Amino acid sequence: EMSQKYSVKQHPCLRYFIGDVRDKERLYRAFQGVDYIIHAAALKQIPATEYNPFEAIKTNILGASNIIDAAIDQGVKKVIALSTDKAANPINLYGATKLCSDKLFISGNAYVGRDQTTFSVVRYGNVIGSRGSVIPFFKKKKGEGFLPVTDQRMTRFWITLEQGVQFVLKNFMRMVGGEIFVPKLPSMNIMDLAKAICPECKIEFVGIRQGEKLHEIMISVDDAQNTLEFDNFYLIKPQFRYFKRRFHEAGGKPVDKNFEYNSRTNTQWLKSDQLMELINVELK
């Protein structure tokens, strides 16, 4: 689809590859002449990764290792890896693999040696309307007159696709290597989302799925000592001493030692009318 919209003829700097992050040789070819990389490949469906743990590890962890090796050897300048709120205090395999991936990319700044490649991580919450998310599922169920809801207390962080893209691009300018960037996002309650999509639908409570949390955390209290707050985002500094780089701290202030960025205790909230407006814009 992208190659049809942005053809190589009109955009000669573009190349389209069929490949897999598990295939290091293919990554070496794809990274030739590339300055900046956004690593977004992952197996993310929680039930599927619980049932197929070795496959999740091959893609989310070993694939991350391949990205790091290929980027360094091909002289890539900067790499940003996309993370997830499920990587903070993970309780499922997907979150655990993404936490491991985050650690690999942060440590890549020491592994790089004398080369110039720098690695950072961007962590955010649910992307509105993304593949496998609850919104397409609810819209499909809407025609049946009822919506299955796991738990009425459940909350999540929400970000639009455009907000996510812009946040990543801005952090290419900010990053010096080793940071985890976390945007300040609004939370939503699952019941508000259900009412926004189908106010007349009946709600059927089906119980929380294996590996799910009631509330998501993007910054745990254990990371508070290494976290700086900026106007629109937080920055988690690496905690290991071998990082000698000077981090982007201008304008940032340390958070309280008991700080936790939790979707339940968030100060920003989306209500049903705001959610419906966002959904209509994103899925039009």
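In my numbering, the protein residues as written are 1099 to 1382. The beta carbon of each residue, even a glycine, is placed where N, CA and C say it ideally should be. As the structure is a computational prediction, the values presented were derived from the model and not from experiment.
Please confirm whether residue 1266 and residue 1215 have their CB atoms less than 7 Å apart. no
Which residue wins for smallest C-alpha separation from residue 1139, given the options 1150, 1121, 1130 and 1132? 1121
Have a look at 1262, 1163, 1314 and 1313 and flag the residue whose alpha-carbon is nearest the alpha-carbon of residue 1220. 1262
Counterpart residues of residue 1333 in DSSP-defined beta bridges: 1279 and 1326
I need the boundaries of the alpha helix (DSSP H) containing residue 1039, first residue and last residue. Because residue 1039 is not part of the residues shown, which for the chain are 1099 to 1382, the question remains open.
For residue 1162, which residues of its own chain have a beta-carbon under 6 Å away from its beta-carbon, when the five flanking residues on both sides are left out? 1199 and 1202
Checking 7 Å against the spacing of the C-beta atoms, do residue 1257 and residue 1190 come in under that value? no
Is the beta carbon of residue 1292 less than 7 Å from the beta carbon of residue 1333? no
Under 7 Å, do residue 1165 and residue 1137 count as touching if we go by C-beta distance? yes
Tell me which residue opens and which closes the beta strand (DSSP E) that residue 1178 is part of. 1176-1182
Could you have a look at residue 1312 and say whether DSSP puts it in helix, strand or coil? coil
Let me make sure I understand the geometry here. Which of 1337, 1320, 1253 and 1241 has the alpha-carbon closest to that of residue 1297? 1241
Taking residue 1225 and residue 1231 to be in contact with their CB atoms under 8 Å, please state how far apart those CB atoms are, rounded to whole angstroms. 7 Å
DSSP state of residue 1126 mapped onto helix, strand, coil: helix
Using the three-state DSSP reduction, which class does residue 1103 fall into: helix, strand or coil? helix
Terminal residues of the beta strand (DSSP E) in which residue 1245 lies: 1244-1247
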